[in-house]
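Single-structure report; data block below.
Residue numbers (mature numbering (1 follows the signal peptide of the UniProt record, and there is no 0)): -23 to -1, 1 to 522.
In structure tokens, the structure reads:
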């Protein structure tokens, strides 16, 4: 889902907090500030419709109320604010930072929600661009940064940039890891929040199992834990509950809503259960949740790339397959209209120009990637996932089309690396290059000179491969260009040459390793000179690719 755009007047209203009091303490009154953000949004929408004059008075009032909630820090009061408040939630931002602008209204929402709950947490903002000294003093090292100080101890927020996620994290860090619900009315009111939460049923809130539940709630930083000792209350939250003594379950705001915990009542087991089940059957990939996707304990991940209208036809089928592999494979949808999200993935496969729906997979434990080349249907997707799960799915490696002609320097692609290099009966001098490599053009000219010089030898050939569009599991090069001599008797240990070697140095090494006499080679023309700096002949350092 797209984040709501922060309009100019709303952003101005939020940033107007920078002109607020520099006092180290908040001047909190008894007003209900839970509607501050709604007012700001309403003012912004009115401004977009052209009603700026009518909105002017409301804007001033909304900003005044927001100022009463959030302390603005600077070089003079930042450190003192941390020392004077037992609990302080701080947003470090920069005016030019887009992610800061997106987070500001979510931070305001969280502040209003926490205050409405009676939280004693104070709230502050710091323009780290304008006040770098203050930023350094309180630990703001990038933008945006959310920090919670509890009695001076710093806790860095790493979660989603949403109101509910921030509120849950703050409550857990300030001593409220579990919300206790003892009436059906309170349970029904809680459900209106439509969030993911863990429900625990424990008689009298006693026993080792309850202690482990509270430990898990305290350790987890993202999911709200709630508890009750009343079975009727528990059934409001989790209708399928059967136990009357003890029960733990996970509730999510999606069709696959209820997950029952069947493990041992131990902290680690409960946390593992939450981590494996907290995502929906299909996770819609966004900038906000990208970090959580990458760090998921579910290491096998299947991605579907398509436009939103194409995915409407695929969603129910993918959901059915996802249900069958729940907790074993994570299923993720990426909208290809969001180029900043989709293109980096598709480029890994050489498919950045692909317009049709595409299914890929990653094993985040080892970096292996896979491509489903069959038609996208339930049968093929199920077989793809089964092979991924049992380890029989062959990894995907990028490759250009197989070239039809062979020149003086043979073009090698991913699909021909085995036949052209590793399985060839000849000695192979291989150049590995990329389009963005600064030195590659000059080195390529030197390789072509060598190829002309040694042309006519049956036991030697020259080849090159573009590593930007071709991959092979045994081709591991980090610095370009890469120059390697694969000797016919042992292709597993190629000799690596320095890219600073001159043409004469490389020719000398080839003659030495292949035991070529001068009479076997065509004499090099007088004008064959090295285009790069001539240095001493390289060590015959052998590196496995």
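Yeah, the Cβ is synthetic: ideal placement off N, Cα and C, and Gly gets one too.
Item	Value
Check residue 481 in the structure and name its three-state DSSP category.	helix
If contacts are defined as beta-carbon pairs under 8 Å, then residue 209 and residue 151 qualify, I think. What distance do you get, rounded to the angstrom?	Wrong, their Cβ atoms sit about 30 Å apart, outside the cutoff.
Can you find the residues in the same chain that come closer than 7 Å, C-beta to C-beta, to residue 526, ignoring five residues on each side of it along the sequence?	Look at the range of the chain in this structure, -23 to 522, and you will see that residue 526 is not part of it.
In angstroms with no decimal places, state the Cα-to-Cα distance between residue 236 and residue 228.	7 Å
Under 9 Å between the Cβ atoms of residue 157 and residue 199?	no
Is the Cβ-Cβ distance between residue 70 and residue 116 less than 9 Å?	no
Which same chain residues, not among the five before or five after residue 118, have their C-beta less than 8 Å away from its C-beta?	112
Could you tell me the boundaries of the beta strand (DSSP E) in which residue 132 lies?	130 to 133
With distances taken between CB atoms, is the gap from residue 202 to residue 154 smaller than 9 Å?	yes
For residue 62, does the three-state DSSP call read helix, strand or coil?	coil
Classify residue 247 as helix, strand or coil using the three-state DSSP reduction.	helix
For residue 326 and residue 281, which I take to be in contact (beta-carbon distance under 8 Å), what is that distance rounded to the nearest angstrom?	Going by Cβ atoms, the distance from residue 326 to residue 281 rounds to 14 Å, so no, they are not a contact pair.
Can you find the residues in the same chain that come closer than 8 Å, C-beta to C-beta, to residue 216, ignoring five residues on each side of it along the sequence?	235
Leaving out five residues before and five after residue 364 in sequence, what residues of the same chain have Cβ atoms less than 7 Å from its Cβ?	370
Taking the straight line between their C-alpha atoms, what separation do you get for residue 377 and residue 448?	9 Å
Ignoring anything shorter than 4 residues, give me the alpha helix (DSSP H) runs that lie fully in the stretch 172 to 256, in order along the chain.	185 to 196, 208 to 214, 244 to 254
Looking at C-alpha atoms only, which residue of 167, 423, 55 is the closest neighbour of residue 481?	423
Taking all protein chains shown into account, decide if residue 165 is buried (16 or more other Cβ within 10 angstroms of its Cβ) or exposed.	exposed
Along the alpha helix (DSSP H) that carries residue 47, what are the first and last residues, could you check?	Premise fails: residue 47 lies in the beta strand (DSSP E), 47 to 50, not in any alpha helix (DSSP H).
Determine the burial state of residue 271: buried for a count of at least 16 other Cβ atoms within 10 Å of its Cβ, exposed for fewer.	exposed
By DSSP, does residue 339 sit in helix, in strand, or in coil?	strand
Does the ligand HEM have a heavy atom nearer than 8 Å to the CB of residue 424?	The model depicted lacks the ligand HEM and carries no ligand whatsoever.
Could you give the distance in angstroms between the alpha-carbon of residue 133 and the alpha-carbon of residue 59?	14 Å
If you count every other CB in all the chains shown that lies within 10 Å of the CB of residue 489, and 16 or more means buried, which is it?	exposed
In its own chain, which residues sit with a C-beta less than 6 Å from the C-beta of residue 294, not counting the 5 before and 5 after it?	355
Enumerate in chain order the residues of its own chain whose CB-to-CB distance from residue 523 is below 7 Å, with the five nearest sequence positions on each side excluded.	The structure shown does not extend to residue 523, since the chain is modelled only from -23 through 522, so no value can be given for it.
Rounded to the nearest angstrom, what separates residue 456 and residue 53 at their Cα positions?	48 Å
Whether or not the stretch 297 to 308 and the stretch 252 to 263 are in contact is what I'm after, with contact meaning three or more pairs of Cβ atoms, one per stretch, closer than 8 Å; do they touch?	yes
Can you tell me which of the three DSSP states residue 138 falls into?	coil
Hey, how far is the Cα of residue 263 from the Cα of residue 318?	7 Å
Quick check: what's the CA-CA separation for residue 100 versus residue 147?	11 Å
Just grab the DSSP bridge partners of residue 157 for me.	204
With H, G and I counted as helix, E and B as strand and the rest as coil, what does DSSP make of residue 307?	strand
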